[in-house]
Structures are given as structure tokens and as C-alpha cells.
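Visitor: Please read through the structure below; I'll follow up with questions.
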Amino acid sequence: MKKILLAALALSGFFFQPAAQAEEVGCVSTTWRVVNNDKVCVQSFNDPDIEGVVCHLSHAQTGGISGALGLAENPSRFAISCRQVGPIKAAKAIPDKKENIFTQRMSLLFKDLNVTRLLDKPNNTLVYLVVSERVIEGSPYNSISGVPLMPWGDKMPEVTFKK
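Using this note's numbering, read the sequence shown as starting at 1 and increasing by one per residue.
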């Protein structure tokens with residue numbers, strides 16, 4: 001029975017990998033605790049399908065003993081800022097609707113932070129939305145950032161869209 005549970009956990013980790021990998025930029029303590037301060041951390045990640053776009057994401061992390069052990073549920077407070085940092089080139093056709101591009105666990109089992117890419121076609125803009133999702137109930141807290149599809153020097157954006 002233990003082997004079956006371990007295999008199921010290993011497979012779930014394989015199938016639910018985030019679409020993009022984030023790198024920590026840094027953290028700032030907000031509340032002093034004897035063990036592991038509360039803090040706000042900033043991470044960066046590239047859009048996994050669109051070269052030339054980078055997003056910076058800030059989020060609160062709960063400290064204390066439960067935070068140090070990874071058992072605390074982090075608050076649903078975050079901000080996102082995405083920018084063009086080079087010529088924009090899509091690796092695949094981008095959906096007209098929405099596409100989840102980044103997920104990060106915010107608690108041991110039931111809460112995730114998700115970044116979704118939306119397309120504002122009339123305004124030629126990629127919109128990045130970050131929300132918190134729970135198994136039972138999500139959070140109304142959210143943040144957005146837009147990246148207009150513009151030339152970089154003399155290079156026009158290379159993006160195709162699918163319905």
C-alpha cells in the first residue's frame with residue numbers, strides 16, 4: 001500500500017509540473033519572528049511560450065515554525081509585472097482565450113497561485129493575470145500586467161494565434 005501511495009505522489013508531481021520555472025530575485029522581511037520571519041519575495045519567470053517576455057511576481061510568505069516546515073498557508077497577496085525584454089517570438093500558436101503558464105503551491109495541499117495569459121486582440125496586447133485558487137474556494141485578490149505586441153528595434157513580433 002505504501003508503494004502505491006508513493007508511486008501516486010511521484011506521478012502527480014510529474015504531471016502537475018508548472019509550465020514555467022521561477023527564479024528567486026530576493027525577499028524582504030515584513031514581520032520579525034524568533035524562527036523564520038514573514039516576508040515578501042520576488043521571483044522572475046519567462047513566458048514559456050513567448051520569447052522576449054519576462055514576468056516578476058511578488059508574494060507574501062508566512063514565517064514562524066509552520067512556515068519554516070512548509071506547513072503554513074501563505075496569504076493570497078501578490079502582484080505581477082510583465083515586460084518585453086527582447087524581440088517577441090512565439091514558440092507555438094497562442095490561444096485566443098486563455099492559457100495557464102505558471103503555477104506555484106501556496107499551501108501544503110489545497111492552494112495554488114496561478115498566472116494565466118490572456119489575449120486582448122483588439123488592443124494587440126498580452127495580459128497576464130495572477131490569482132489564488134483553492135480546492136473549495138478561490139480568492140478575489142488578483143493582479144494584472146499587460147505587454148503590448150510591439151517591435152523591438154527593427155524586429156516585428158512573431159506571434160500567431162489559434163482559436
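For every residue, glycine included, the Cβ atom is placed at its ideal position computed from N, Cα and C.
The structure presented is a predicted model; accordingly, all values stated were derived computationally and were not measured.
May I ask you to list the residues that DSSP assigns as paired with Leu-149?
Guide: Translated into the one-based positions of the sequence shown, residue 149 becomes position 149. Bridge partners of Leu-149: none, in fact.
Visitor: What first and last residue would you give for the beta strand (DSSP E) that runs through Leu-51?
Guide: Against the sequence shown, residue 51 aligns to sequence position 51. First, the residue type needs correcting, since residue 51 is Glu and not Leu in the sequence shown. It spans 50-61 - the beta strand (DSSP E) in which Glu-51 sits, taken as one unbroken run.
Visitor: Using a Cβ distance threshold of 8 Å, determine whether the region 46-64 contacts the region 115-128, with at least three qualifying pairs required.
Guide: Contact holds: three or more Cβ-Cβ distances are below 8 Å.
Visitor: For Thr-30, which option in Ala-90, Asn-124 and Val-40 has the closest C-alpha, if you only look at C-alpha atoms?
Guide: Locating residue 30 in the sequence shown gives position 30, where the first residue counts as 1. That would be Val-40, whose Cα lies nearest to the Cα of Thr-30.
Visitor: Are the beta-carbon atoms of Val-130 and Ile-88 separated by less than 8 Å?
Guide: Here the question's residue 130 lines up with position 130 in the sequence shown. Here the question's residue 88 lines up with position 88 in the sequence shown. Contact: no.
Visitor: In terms of DSSP beta bridges, what is Asp-38 paired with?
Guide: Along the sequence shown, read from residue 1 onward, the residue named residue 38 stands at position 38. DSSP lists Thr-31 as partners of Asp-38.
Visitor: To the nearest angstrom, how far is the alpha carbon of Gly-153 from that of Asp-96?
Guide: Stepping through the sequence shown from its first residue, residue 153 is reached at position 153. Stepping through the sequence shown from its first residue, residue 96 is reached at position 96. So the two alpha carbons sit approximately 26 Å from each other.
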